[in-house]
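S.K.:
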Amino acid sequence: MRIATWNVNSLRVRLPQVLEWLGRVPVDVLAMQETKLTDPDFPRAEFEALGYQVLASGQKTYNGVALLSRWAMTQVLTDMPGFADAARRVLAASTGQLRVINLYVPNGQAVDSDKYHYKLRWLEALAGWLRSELEAGGRLVVLGDFNIAPEDRDVHDPAAWVGSVHVSEPERAGFRRLLGLGLSDVFRRFEQPPETFSWWDYRMGAFRRNLGLRIDLVLAQQELAAACTACAIDRAPRRAERPSDHAPVIADFNLPG
DNA sequence: ATGGTGGGCAGCCCA
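Residue numbers (the working numbering): 821 to 1077.
1. With 16 other CB atoms within 10 Å as the buried threshold, where does Pro978 fall?
2. Compute the beta-carbon to beta-carbon distance between Val920 and Ala851, rounded to the nearest angstrom, for a pair I have assumed lies under 8 Å.
3. Thinking C-alpha only, which one of Thr855, Ala1040, Leu887 and Arg822 is nearest Leu911?
4. Since Ser877 and Arg832 are thought to touch, with beta carbons under 8 Å apart, how far apart are those beta carbons, to the nearest angstrom?
5. Give, in chain order, every unbroken run of the beta strand (DSSP E) that is at least 3 residues long and sits entirely within the stretch 923 to 988.
6. Do the stretch 1050 to 1062 and the stretch 978 to 987 meet, that is, are 3 or more Cβ pairs less than 8 Å apart?
7. Please report how far the alpha carbon of Met900 lies from the alpha carbon of Ile968, in whole angstroms.
8. Pick out whichever of Gly916, Val985, His976 and Val885 has its Cα sitting closest to the Cα of Tyr936.
9. Tell me whether Leu1001 sits in a helix, a strand or coil according to DSSP, three-state version.
10. Would a C-beta distance cut-off of 9 Å place Leu1037 and Gly994 closer than the cut-off?
11. Since Asn922 contacts Leu963 with CB under 8 Å, what's their CB separation in whole angstroms?
Shown next, in the form of structure tokens:
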């Protein structure tokens, strides 16, 4: 089975590209972030026509997450238990043989800003929630836009970025805590070309110069991670006219019937 | 050089 994550940065603008991409890359499950649509405005019928079940948790202007799946989705959560947040950043569902958690982690804006401290609190709440999800057992995959580059090799110019938001030590510690719960960053289970990123700033020709970060991630519970057969970032959509600033990340799993 | 570009909704907020 194939699962993917893609920060589409406005599904209203990107819908034709997402539909075209699903035609070329027929994933079983797609987690999207930054849909920027309320649920009544979500283009449900367009995805249903491709054979997907649809879940959306959105809001006007900002944030918004959605899940597409070939299979029914149950046990749906749209918030982290015990963490009240008006921002629509979380969507969890059980589908196929998986428990899927789609995340749009706060950006953090700048180190020591209010938004940065909100990001750190958010990550702390996430660790508590994921601990309980892992204790429940089952094949857990946690994927989305983490807005954290886990290691220096996930950064085009680590020296220029040192201490900045997305790479600061408190953010990375928050991320490592998730791995410590028993999750694996499946991209790193495979040999990858160096300088493989998932996000490039719109400015300064960053994509053309490959000045990017790897911040879109697929984490899997250990047993599920062992069944991962491939993980790759598809840069093709980033080359399109009016692209998202993020590329999709695709992971394949070999699951028993 | 503290800029630049893009999305959304109305002169800024956010990424």
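Yeah, the Cβ is synthetic: ideal placement off N, Cα and C, and Gly gets one too. It should be emphasised that the depicted structure is a prediction, and the values quoted were computed from it without experimental measurement.
M.R.: In short:
1. It counts as exposed.
2. That pair is a contact at about 7 Å.
3. With distances taken between Cα atoms, Leu911 lies closest to Leu887.
4. Between Ser877 and Arg832 the beta-carbon gap is near 16 Å, outside 8 Å, which marks them as no contact.
5. The qualifying runs are 959 to 965.
6. With contact defined as three or more Cβ pairs closer than 8 Å, the stretch 1050 to 1062 and the stretch 978 to 987 are not in contact.
7. When rounded, the distance between both Cα atoms is 19 Å.
8. Out of Gly916, Val985, His976 and Val885, Val985 has the C-alpha closest to the C-alpha of Tyr936.
9. Three-state DSSP puts Leu1001 in coil, outside helix and strand.
10. Taking 9 Å as the Cβ cut-off, Leu1037 and Gly994 do not qualify as a contacting pair.
11. Confirmed, Cβ separation roughly 6 Å.
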